[in-house]
Structure formats: structure tokens, C-alpha cells
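Have a look at the structure below before the remarks.
Numbering (the working numbering), first residue to last: 2 to 290.
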């Protein structure tokens, strides 16, 4: 799941570097979601085509969140560094963790508090425009904020769905979400291009839609299942921390992103923070034993 999410991020960044005249993030994501529908329909039928009104309702809400999540993720990866975008988006688990503590009465320990404080320090170091090697725009920061918030609410939905009576109907829920998300992207894309000529879709664009759709569909499908198998306080931090590490490596090796020492320090602190948040208590117990 982690590897596929990084592959998807790199595909979005690579696509943004192409000469995409008349590019529409809404229509691009319409194509990506159509790939989702094809894959998920096959899986849904193969697994017995089970559904209920609860799974469809969760899917409809998830579809709206997915629309926001994919849009902001696509735009943040397209307008800024992959590594920093991934770090900011990955910190969304703080929202899901806070929800678990407040609403679901989950326990929180001193390591999780320390980890979250370190995360905020990490973010400050990473997005400081005066200290960074990569150009950071206000538009990119807004996209990252949307990426962060929508990702947090997706985490909350995962937790609620996992506790519902329809938790075994994951395929139905995600398929419904992909249909709703596709419709929203298409409608917004039509409004966006109403006064313009429809963008020309090249073979390269179709390939990016195909591979991005496959990677994003598979990693999100895996994450929904994993979030029900692994405690959220472990799953979200460790999964997101892995994405940050691999995205940083990919950003430097593939896209030659110029990150300053301050930003690299921020990323290192961020990676340490997610490990401390997710595994600090277990590591401490192991060490004193």
C-alpha cells in the first residue's frame, strides 16, 4: 500500500511536468475514477456483490470526501515538491487520532503527544519559504491544507465504517464512492470548460490516467482493509511515515528536488515523529525490559 501510494504521487508529479495544454484536474480525475470503477466492479462481482443501504450511504459520503482528497492531492503534487506535499498530507492522521480519542474514547499516551508536537515543528521547518530550496507558493500551501483536511476526514470515515454493521461490505462502499466521485469530477469539469474548448487528451494523458487510477485504487482499497486490521494509532502514523520517507527519496532521485538542510531536518523530525506517535510506547517498553 505504501509503495503504491508513492508510485501514484510520482505519476502525478511526472504528469504535471508534461506540456499539458488545457489541462483540467477535474477531467483528469474523472478518467482516474473511471479506472477505479472498472477495477472495483470486477472485484465487487468476484466477491459476491454484497451490499446494504448502510454501505451505500457510507460510500456516498466517502465519494464526496474522495472528490476533495483526490483533487487537492493531485494539485499539491502538481504545484509543489512531492516530498513536502506527502509529508503535509500524511500528517492528516492527527485528525483521525484526535477523533478516536474524543469521540471513540481511545487512550492517548505521552509518546503520542510528543510525536504530534514534533510533527508541528517538522511542518514549520518544511514549509518555511525563506529556508527552503524549492519554491513554495501560496496556492500550493492552500492545496496542501485541503489535502491535509480531506485526508483527516477520510481517516475518520474509515474508523466509523470499520465500527459499523456494514464493515464487511468494503467493495460495495468503495465502488459507490468511486461512482459518486466520478460524477462530481465530471460535473465540475464540464462547468470549468463550459466557456473553453475541451482539452485535447493525448495518449500520454490516457496512460497517466490508467496507471494513476490503478495505483491509487489499489492502495486506497488496501488501506480501508488494513485500517480495520491494525489499530489506528499504529496504522496511520507508520503507514504515513513510510510514505514520507519513500516520497523524499523518490523526489530527490527522480525529480531532483532541491531540499535545503532545514527542510531535510524537518522531514527527518517528521519521520521520527510518526514512529514515536505510533510505536513509542512499545519501543519504550521493549527498551526497559
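Ideal Cβ positions, reconstructed from N, Cα and C, are used throughout, including at glycine.
Quick one: measure Cβ to Cβ for residue i and residue j, integer angstroms, because I've assumed they're closer than 8 Å.
i	j	result
residue 36	residue 173	18 Å between Cβ atoms; not a contact.
residue 119	residue 277	7 Å
residue 148	residue 73	4 Å
residue 158	residue 63	6 Å
residue 244	residue 7	6 Å
residue 85	residue 264	7 Å
residue 151	residue 66	6 Å
residue 30	residue 75	6 Å
residue 105	residue 140	Rounded, the Cβ-Cβ distance is 35 Å, inconsistent with contact.
Excluding five sequence neighbours on each side, which residues of the same chain lie with their C-beta closer than 8 Å to the C-beta of residue i?
i	result
residue 124	88, 89, 92, 267 and 271
residue 169	51
residue 253	84 and 260
residue 235	279 and 280
Ordered along the chain, which non-local residues of its own chain (more than five positions away) have a Cβ less than 6 Å from that of residue i?
i	result
residue 38	179
residue 281	112
residue 68	182 and 185
residue 44	172
residue 28	190
residue 239	279
residue 339	For residue 339 there is no data in the structure shown, the boundaries of the chain being 2 and 290.
residue 78	10, 13, 14 and 86
residue 71	30
residue 48	172
For the alpha helix (DSSP H) containing residue i, list its first residue and its last residue.
i	result
residue 220	204 to 230
residue 170	First-last for residue 170: undefined, no H or E at that position.
residue 45	26 to 47
residue 290	No alpha helix (DSSP H) contains residue 290, which DSSP labels as neither H nor E.
residue 127	111 to 127
residue 54	54 to 80
residue 152	139 to 164
residue 94	94 to 103
residue 84	83 to 91
residue 256	Careful: residue 256 lies outside any alpha helix (DSSP H) and carries neither H nor E.
residue 15	3 to 17
Less than 8 Å between the beta carbons of residue i and residue j, yes or no?
i	j	result
residue 83	residue 213	no
residue 251	residue 156	no
residue 25	residue 190	yes
residue 181	residue 32	no
residue 216	residue 12	yes
residue 101	residue 137	no
residue 218	residue 46	no
residue 2	residue 227	yes
residue 229	residue 163	yes
residue 223	residue 42	no
Give every residue of the same chain whose Cβ lies closer than 7 Å to the Cβ of residue i, excluding the five residues on either side of it in the sequence, and list them in chain order.
i	result
residue 289	none
residue 274	116, 119, 120 and 123
residue 19	205
residue 286	none
residue 237	94, 97, 98 and 156
residue 53	167 and 170
residue 256	14 and 83
residue 1	This structure does not reach residue 1, given that the chain is present from 2 up to 290, and the question cannot be answered.
residue 284	none
residue 225	159, 171 and 175
residue 246	272
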